[in-house]
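Participant: Structure provided below as structure tokens; questions to follow.
Protein chains: 2
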Amino acid sequence: MGTRQRRLRELAEREQRFLDAAREQITEHGLLSLHMAKVARACDYATGTLYQHFASKEDLLLAICADQAEERMAVMARAAQWQTGSRERMIALAVADMLFAIRHPDHFRLFQYASTEVIWHAASPSRRDNVLEAHRPLGDMVAQVVQDGLDSGDLPPQNMSPHAVALGPWALTEGMHNLVNAEGVLDFYALHDPYRLLLRHLHLQLNGMQWQPLFDPLDDVALTRQISHICASLFDDLCPEGTGHRYCSPTEDRTP
Amino acid sequence: MGTRQRRLRELAEREQRFLDAAREQITEHGLLSLHMAKVARACDYATGTLYQHFASKEDLLLAICADQAEERMAVMARAAQWQTGSRERMIALAVADMLFAIRHPDHFRLFQYASTEVIWHAASPSRRDNVLEAHRPLGDMVAQVVQDGLDSGDLPPQNMSPHAVALGPWALTEGMHNLVNAEGVLDFYALHDPYRLLLRHLHLQLNGMQWQPLFDPLDDVALTRQISHICASLFDDLCPEGTGHRYCSPTEDRTP
DNA sequence: CTCAGCTTATGAACCCCGTTCATACTCACC
DNA sequence: GGTGAGTATGAACGGGGTTCATAAGCTGAG
Numbered sequence: 000m001g002t003r004q005r006r007l008r009e010l011a012e013r014e015q016r017f018l019d020a021a022r023e024q025i026t027e028h029g030l031l032s033l034h035m036a037k038v039a040r041a042c043d044y045a046t047g048t049l050y051q052h053f054a055s056k057e058d059l060l061l062a063i064c065a066d067q068a069e070e071r072m073a074v075m076a077r078a079a080q081w082q083t084g085s086r087e088r089m090i091a092l093a094v095a096d097m098l099f100a101i102r103h104p105d106h107f108r109l110f111q112y113a114s115t116e117v118i119w120h121a122a123s124p125s126r127r128d129n130v131l132e133a134h135r136p137l138g139d140m141v142a143q144v145v146q147d148g149l150d151s152g153d154l155p156p157q158n159m160s161p162h163a164v165a166l167g168p169w170a171l172t173e174g175m176h177n178l179v180n181a182e183g184v185l186d187f188y189a190l191h192d193p194y195r196l197l198l199r200h201l202h203l204q205l206n207g208m209q210w211q212p213l214f215d216p217l218d219d220v221a222l223t224r225q226i227s228h229i230c231a232s233l234f235d236d237l238c239p240e241g242t243g244h245r246y247c248s249p250t251e252d253r254t255p
Numbered sequence: 000m001g002t003r004q005r006r007l008r009e010l011a012e013r014e015q016r017f018l019d020a021a022r023e024q025i026t027e028h029g030l031l032s033l034h035m036a037k038v039a040r041a042c043d044y045a046t047g048t049l050y051q052h053f054a055s056k057e058d059l060l061l062a063i064c065a066d067q068a069e070e071r072m073a074v075m076a077r078a079a080q081w082q083t084g085s086r087e088r089m090i091a092l093a094v095a096d097m098l099f100a101i102r103h104p105d106h107f108r109l110f111q112y113a114s115t116e117v118i119w120h121a122a123s124p125s126r127r128d129n130v131l132e133a134h135r136p137l138g139d140m141v142a143q144v145v146q147d148g149l150d151s152g153d154l155p156p157q158n159m160s161p162h163a164v165a166l167g168p169w170a171l172t173e174g175m176h177n178l179v180n181a182e183g184v185l186d187f188y189a190l191h192d193p194y195r196l197l198l199r200h201l202h203l204q205l206n207g208m209q210w211q212p213l214f215d216p217l218d219d220v221a222l223t224r225q226i227s228h229i230c231a232s233l234f235d236d237l238c239p240e241g242t243g244h245r246y247c248s249p250t251e252d253r254t255p
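The listed protein sequences correspond, in order, to chains C and R.
Here numbering that gives the first Met the number 0 is used: the first residue of the first sequence is 0, the next is one more, and so on.
Here numbering that gives the first Met the number 0 is used: the first residue of the second sequence is 0, the next is one more, and so on.
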């Protein structure tokens with residue numbers, strides 16, 4: 000029955016248009032100015048129609064999250080793809096996510112906001128599952144890196160499951176994103192270039208897990224080279240329109 | 000002029016009563032059910048009066064944060080107080096914060112929610128400064144531990160400022176709290192007792208910074224003993240009414 | 001005691017949304 | 001053409017944050 004299939008396709012297309020419109024509004028005017036009526040109007044629909052797709056505003060927010068997660072994962076996967084050792088791949092994952100957070104601050108803020116208890120529990124359960132499912136690759140990718148390292152003898156066994164080991168770098172990265180995002184904190188402590196700091200700490204952390212060191216984590220030049228190397232493979236993804244973009248710390252512009 | 004002073008005192012007292020009422024409502028009915036009208040009514044005031052103290056709902060939320068921060072800091076300070084080495088003090092800070100998050104989940108969720116872009120920027124600037132100021136001890140405590148360690152020769156120099164070094168353990172702890180709070184994530188990866196995992200990773204991280212190890216981070220028994228030791232000095236703070244409370248991982252109850 | 005002047009409290013009214021629902025429309029199928 | 005399931009509409013509803021004109025209380029002076 001071709002009619003039914005067409006219907007479904009149209010439904011999915013419309014949903015995507017709603018999501019895009021919502022995303023655009025967030026990018027343009029901030030999370031605070033996301034209104035259901037405006038999203039519907041932007042797609043030339045009445046407000047009620049929106050509620051055939053999303054049970055509530057929170058539901059819409061989480062839908063956007065699930066939608067954006069795909070892109071986030073893709074960027075990370077691509078960054079890790081070109082690295083050889085387990086350690087390099089782990090670092091690449093963190094750098095990619097960090098770049099994503101820098102380049103798409105609104106999306107990243109949305110991730111934080113939506114994973115808040117208030118929003119999370121106001122959405123429908125199925126939508127929550129969607130978000131979790133969409134984010135599954137994140138944890139799996141990190142754990143896979145550990146697993147591959149163990150298999151190839153690249154890493155020493157830790158008596159911990161790959162996922163448990165993976166939680167360390169993952170938490171460190173998330174936490175640093177948080178601190179960076181919490182405006183004021185970094186200025187408070189006069190910490191410039193927090194993302195380079197993240198990389199340094201990540202290296203130190205891997206050292207602690209006795210992953211063989213590539214170079215001294217305190218070697219600033221080597222660190223920069225590594226970041227640039229990873230970034231080079233990512234800028235097409237992250238800056239489609241940009242030409243000649245290079246790694247530039249978010250605070251670098253501020254210093255005269 | 001005694002009148003003026005009395006006025007100010009009354010003002011402060013009333014503000015505190017508002018804050019307490021709001022906190023109670025959050026504890027009782029969750030963040031979603033915090034309504035300005037109800038807070039005012041709980042203190043036998045009209046709604047409008049609330050707006051003489053707090054410019055908006057977000058302002059009130061941030062005020063609660065600043066208020067609660069004091070308690071959070073106090074618990075951490077107390078935990079670190081009884082430890083001798085730099086490494087133990089650093090661990091104690093993390094454990095204390097972790098316990099605070101477990102024992103006061105609502106407060107902790109509020110911290111997360113309020114540091115969200117949406118809430119943060121809807122509050123008044125002076126209130127935001129309040130929150131930052133109230134949280135300053137957090138970063139300073141962590142950095143102080145590093146500084147003391149360096150001064151006493153307890154720690155090797157890292158070519159990094161104490162605050163920069165401190166950001167590592169700090170971010171790791173925050174990040175782990177986040178992941179734990181993001182419901183579903185841990186079940187997804189079958190990770191039980193995430194807080195013990197935090198401790199393990201913290202030890203591994205300190206290893207990486209070449210802080211001399213106390214024991215093998217993978218030694219589960221030693222880890223538990225250390226956690227219990229730190230907790231013992233904290234339960235009076237965290238469970239005023241509780242008698243005979245002991246450390247118990249949040250997931251321990253679930254397993255039959 | 002009394003009046004002026006300032007501070008604070010009041011709660012009804014305002015307004016902005018998110019959400020719902022009865023109605024009308026569309027269109028594939030008989 | 002008739003039928004019914006699916007879909008769109010937009011006015012109306014309701015909750016709740018915010019404001020404001022008014023009233024009440026308090027202080028200090030005369």
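In this text, a Cβ means the ideal position worked out from N, Cα and C, and glycines have one as well.
Would you check if the distance between the CB atom of C:M75 and the CB atom of C:A95 is smaller than 9 Å?
Facilitator: Contact flag set, yes.
Participant: Output needed for C:Y112: all residues of its chain with C-beta closer than 7 Å, excluding positions within five of it in sequence on either side, in chain order.
Facilitator: Counting only Cβ-Cβ distances below 7 Å, and skipping sequence neighbours, we find L30 and I118.
Participant: Which word fits C:L233, buried or exposed, when buried means at least 16 other C-beta atoms lie within 10 angstroms of its C-beta?
Facilitator: Per the 10 Å Cβ criterion, buried.
Participant: Starting from C:W119, trace the alpha helix (DSSP H) both ways and give me its first and last residue.
Facilitator: It spans E116 to W119 - the alpha helix (DSSP H) in which C:W119 sits, taken as one unbroken run.
Participant: Output needed for R:V145: all residues of its chain with C-beta closer than 6 Å, excluding positions within five of it in sequence on either side, in chain order.
Facilitator: Within the same chain, R:V145 has close Cβ partners P161, V164 and A165.
Participant: Check whether the Cβ of R:V38 lies closer than 9 Å to any Cβ atom in chain C.
Facilitator: Chain C contact via Cβ: absent.
Participant: Look at the Cβ atom of C:E23, then the Cβ atom of C:A122, and state whether they are nearer than 9 Å.
Facilitator: No; because the gap between Cβ atoms is not below 9 Å, this pair is not in contact.
Participant: What in chain R is Cβ-close to C:Y188, meaning under 7 Å?
Facilitator: The contacting residues are G138 and H162.
Participant: Using 9 Å as the threshold, is the C-beta distance between C:R88 and C:D147 below it?
Facilitator: Cβ distance < 9 Å, so C:R88 and C:D147 count as in contact.
Participant: By the 10 Å Cβ neighbour count, where 16 or more other Cβ atoms means buried, how is C:G174 classified, buried or exposed?
Facilitator: Answer is buried; the Cβ neighbour count reaches 16.
Participant: Using a Cβ-Cβ cutoff of 7 Å, what residues of the segment 69-98 of chain R are near chain C? List them in chain order.
Facilitator: If the cut-off is 7 Å between Cβ atoms, the segment 69-98 of chain R has nothing near chain C.
Participant: Do R:W210 and R:L154 count as a contact pair if the criterion is CB distance below 9 Å?
Facilitator: Yes, the pair counts as a contact, with Cβ atoms nearer than the cut-off.
Participant: So, under 8 Å CB-CB, C:L18 and C:A62 are touching, yes? Tell me the CB distance rounded to an integer number of Å.
Facilitator: Yes, they are in contact, since the Cβ atoms of C:L18 and C:A62 sit about 6 Å apart, within 8 Å.
Participant: Please classify C:Q143: does DSSP put it in a helix, a strand, or coil?
Facilitator: Note: C:Q143 maps to helix in three-state DSSP.
Participant: Check C:G174 in the structure and name its three-state DSSP category.
Facilitator: Here C:G174 sits in helix by DSSP.
Participant: Using the Cβ count rule (16 or more neighbours within 10 Å means buried), how would you classify C:R71?
Facilitator: Buried is the call here.
Participant: Judging by CA-CA distance, which residue of C:H34, C:Q51 and C:L7 is the nearest neighbour of C:A20?
Facilitator: Ranking the options by Cα distance to C:A20, first place goes to C:H34.
Participant: Count the CB pairs spanning the segment 215-222 of chain R and the segment 215-225 of chain C that are closer than 8 Å, and state whether there are at least three.
Facilitator: Not touching, per the Cβ criterion.
Participant: For C:T83, does the three-state DSSP call read helix, strand or coil?
Facilitator: Three-state DSSP puts C:T83 in coil, outside helix and strand.
Participant: Please confirm if C:A122 has its CB atom under 9 Å from at least one CB of chain R.
Facilitator: Not closer than 9 Å to any Cβ of chain R, the Cβ of C:A122 fails to qualify, so no.
Participant: To the nearest whole angstrom, what separates the beta carbons of R:A91 and R:L201, a pair I think is in contact under 8 Å?
Facilitator: No, R:A91 and R:L201 are not in contact; Cβ-Cβ is about 11 Å, not under 8 Å.
Participant: Where does C:M89 sit, in a helix, a strand or coil, going by DSSP?
Facilitator: In this structure, C:M89 counts as helix in the three-state DSSP scheme.
Participant: For C:P168, count the other beta carbons within 10 Å of its own beta carbon; 16 or more makes it buried, fewer makes it exposed. Which is it?
Facilitator: With 16 or more Cβ atoms within 10 Å of its Cβ, C:P168 is classed as buried.
Participant: Using the beta-carbon count (16 or more within 10 Å), is C:L7 buried or exposed?
Facilitator: So C:L7 ends up on the exposed side.
Participant: If you draw a straight line from the alpha carbon of R:A256 to that of R:L59, how long is it in whole angstroms?
Facilitator: Any answer about residue 256 of chain R is impossible in this case: the structure gives chain R only from 0 up to 255.
Participant: With 9 Å as the threshold, decide whether the Cβ of C:S158 is near any Cβ in chain R.
Facilitator: The identity of residue 158 of chain C in the sequence shown is Asn, whereas the question assumes Ser. For C:N158, the answer is yes, since a Cβ of chain R falls inside 9 Å of its Cβ.
Participant: Could you tell me whether the Cβ of R:T223 comes closer than 9 Å to any Cβ of chain C?
Facilitator: Chain C, which has no Cβ nearer than 9 Å to the Cβ of R:T223, makes this no.
Participant: With a threshold of 16 other CB atoms inside 10 Å of the CB of C:F107, please say whether the residue is buried or exposed.
Facilitator: With 16 or more other Cβ atoms within 10 Å, it is buried.
Participant: Quick check on C:C230: does DSSP put it in helix, strand or coil?
Facilitator: The answer is helix: DSSP assigns C:C230 an H, G or I state.
Participant: How many angstroms separate the CA atom of C:H52 from the CA atom of C:E14?
Facilitator: Spanning the two alpha carbons is a distance of roughly 7 Å.
Participant: Excluding the 5 residues flanking C:A134 on each side, which residues of the same chain have their C-beta closer than 6 Å to its C-beta?
Facilitator: The displayed chain sequence assigns His, not Ala, to residue 134 of chain C. Hits under 6 Å: A68.
Participant: Rounding to the nearest angstrom, what Cα-Cα distance links R:N129 and C:G84 in this structure?
Facilitator: So the two alpha carbons sit approximately 46 Å from each other.
Participant: Quick one: is C:E9 buried, meaning 16 or more other Cβ sit within 10 Å of its Cβ, or exposed?
Facilitator: Classification for C:E9: exposed.
Participant: Using a Cβ-Cβ cut-off of 6 Å (strictly less than) and excluding sequence neighbours within five positions of C:A142, which residues of its own chain qualify?
Facilitator: P161, H162 and A165, listed in sequence order.
Participant: Kindly indicate which three-state DSSP category C:P193 falls into: helix, strand or coil?
Facilitator: Note: C:P193 maps to helix in three-state DSSP.
Participant: Taking only beta-carbon positions, decide if C:L31 is within less than 9 Å of chain R.
Facilitator: Yes, its Cβ sits closer than 9 Å to a Cβ of chain R.
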